[in-house]
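The sequence shown begins at 4 in my numbering and counts up by one.
Glycine residues also receive a C-beta, built at the ideal position from the N, C-alpha and C atoms.
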Amino acid sequence: MSNRKDFESANRIVIKVGSSSLTSENGGLNLARLKSIVDAIAQIKRQGKSVILVSSGAVAAGFPTLKLTTRPSDLAQQQAAASIGQGLLIAEYTKFATANNFSVGQVLLTQEDITRRSHYRNAKQTFEALLQFGVLPIVNENDAVATSELKYGDNDRIAALVTHLVEADALILLTDVAGVLDGPPADANSKRIAELESLADFAAIGIDTNQRSKVGSGGMSSKLAAAAIAAAGGVPTLICHIDDLSSALTGADVGTLFHASENVSSARSLWLAHALVAKGKLHLDEGAVSALLERGASLLAAGISQVEGDFDAGDPVDLVTLAGEVIARGLVSFASDDLARMKSQSTIDLAAKFGEEFSRPAVHRDDLVLIDPQSNNLNL
Numbered sequence: 004m005s006n007r008k009d010f011e012s013a014n015r016i017v018i019k020v021g022s023s024s025l026t027s028e029n030g031g032l033n034l035a036r037l038k039s040i041v042d043a044i045a046q047i048k049r050q051g052k053s054v055i056l057v058s059s060g061a062v063a064a065g066f067p068t069l070k071l072t073t074r075p076s077d078l079a080q081q082q083a084a085a086s087i088g089q090g091l092l093i094a095e096y097t098k099f100a101t102a103n104n105f106s107v108g109q110v111l112l113t114q115e116d117i118t119r120r121s122h123y124r125n126a127k128q129t130f131e132a133l134l135q136f137g138v139l140p141i142v143n144e145n146d147a148v149a150t151s152e153l154k155y156g157d158n159d160r161i162a163a164l165v166t167h168l169v170e171a172d173a174l175i176l177l178t179d180v181a182g183v184l185d186g187p188p189a190d191a192n193s194k195r196i197a198e199l200e201s202l203a204d205f206a207a208i209g210i211d212t213n214q215r216s217k218v219g220s221g222g223m224s225s226k227l228a229a230a231a232i233a234a235a236g237g238v239p240t241l242i243c244h245i246d247d248l249s250s251a252l253t254g255a256d257v258g259t260l261f262h263a264s265e266n267v268s269s270a271r272s273l274w275l276a277h278a279l280v281a282k283g284k285l286h287l288d289e290g291a292v293s294a295l296l297e298r299g300a301s302l303l304a305a306g307i308s309q310v311e312g313d314f315d316a317g318d319p320v321d322l323v324t325l326a327g328e329v330i331a332r333g334l335v336s337f338a339s340d341d342l343a344r345m346k347s348q349s350t351i352d353l354a355a356k357f358g359e360e361f362s363r364p365a366v367h368r369d370d371l372v373l374i375d376p377q378s379n380n381l382n383l
């Protein structure tokens with residue numbers, strides 16, 4: 004079971020900070036906050052440890068130039084703000100890092116960088132090279148060109164996926180509150196929850212976590228979802244106030260500790276379940292659902308009752324029951340147009356009608372991962 008000393012003993016740590024923690028009330032960057040983060044990182048770098056910083060704030064940093072006071076809902080305006088703000092953000096990080104005698108390297112990621120295996124490998128190699136040179140990688144989504152990525156939850160999921168990508172020992176998610184609370188942050192009676200062993204513990208609390216800030220795009224629910232991804236790979240997560248970062252790195256009793264799972268998922272399972280965004284859905288009959296859940300079988304076209312979405316061979320798709328519950332995710336062997344013709348037909352009939360190639364599984368078991376319903380409810 005995880006404990007707070009894991010964060011003190013960790014040799015490689017991913018730290019994520021969101022927009023609301025880095026910006027002032029009137030927009031623009033809170034330079035004192037940036038400095039405090041870099042100073043805390045410098046302390047553990049002096050101990051020979053590696054740190055990766057996942058930092059939001061590019062969009063918010065561009066607010067003053069565009070005379071904005073809140074995060075725009077228009078995608079083009081968000082991207083314009085990001086294109087201005089990213090340079091400003093990295094410049095400030097560079098200034099504070101230089102004062103602490105180390106360098107920073109900017110790593111801008113898009114969804115494709117994590118979903119495509121070749122990009123995934125290249126990103127991993129880039130991180131390793133930066134860390135070998137003693138550089139602090141600063142990660143952000145490439146908001147100036149991204150589309151749906153802007154909706155992911157303020158880099159929380161990116162931080163969790165980067166944690167596995169770089170094989171980190173711990174993940175720290177910084178926020179504006181003391182941790183996960185048992186009530187609304189505005190309620191003086193709300194108390195910090197010290198530990199959560201699983202998502203089931205969190206669900207049992209029964210509190211609303213979908214609170215969003217004026218400058219960021221994520222709420223506490225996205226942080227818990229990120230913690231669940233990290234936990235699935237055997238990595239503990241601490242959700243704490245940004246001002247408690249230095250204390251957290253010494254194992255102090257701050258924030259909310261999310262325990263790592265004892266049943267660790269493989270890197271490929273994590274990649275399939277969490278790095279991929281489904282391009283469509285395959286609705287399965289009861290026989291196919293049983294074959295997947297009970298026997299670990301591949302999905303055959305005969306078990307598909309409906310094809311939803313427009314996708315190509317090799318794209319990720321969700322496998323759902325007739326009631327619409329997602330039970331698995333996988334890489335499909337055929338395009339949606341082909342599967343629409345193939346559904347509900349046996350492998351023998353498919354081979355006879357369309358050729359032997361069409362008798363292959365629609366989703367092979369090696370390209371498929373089961374999805375925990377609890378995790379699915381949190382949009383992992």
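Residue burial annotation: Asn145 is buried, with at least 16 other C-beta atoms found within 10 angstroms of its C-beta. The C-beta separation of Ala251 from Cys243 comes to about 5 angstroms, placing the pair in contact by the 8 angstroms criterion. Excluding five sequence positions before and after Gln128, none of the CB atoms of its chain fall closer than 7 angstroms to its own CB. For Gln309, the three-state secondary structure derived from DSSP is strand. Within the same chain, Val20, Ser24, Arg36, Ser39, Ile40, Leu177, Thr178 and Asp179 come within 8 angstroms of Ile245 by CB-CB distance, once the 5 residues on both sides are set aside. Under the 10 Å beta carbon count, Ser336 is surrounded by 16 or more other beta carbons and is classified as buried. Non-local C-beta neighbours of Arg160 in its own chain, meaning closer than 6 angstroms and more than five positions away in sequence, comprise Ala229, ordered along the chain. Setting aside the 5 residues that flank it on each side, Pro188 is surrounded in the same chain by Val180, each with a C-beta closer than 6 angstroms to its C-beta; the list follows chain order.
Leu322: member of the beta strand (DSSP E) spanning Pro319 to Val323, first to last residue. Ile47 and Leu69 have their C-alpha atoms some 37 angstroms from each other. DSSP places Pro140 within a strand segment (E or B) once states are collapsed to three.
Val329 has its alpha-carbon roughly 22 angstroms from the corresponding atom of Asp341. When only Cα atoms are considered, Gly327 and Asp288 end up about 11 angstroms apart.
In the three-state reduction of the DSSP assignment, Thr129 falls in the helix class, which pools H, G and I. Across the structure, Asp172 and Met345 are spaced so that their CA atoms are roughly 45 angstroms apart. Ranked by Cα distance from Gly108, the first of Ser86, Arg195, Tyr123 and Glu131 is Glu131.
Between Leu302 and Leu285, the CB-CB gap stays under 9 angstroms.
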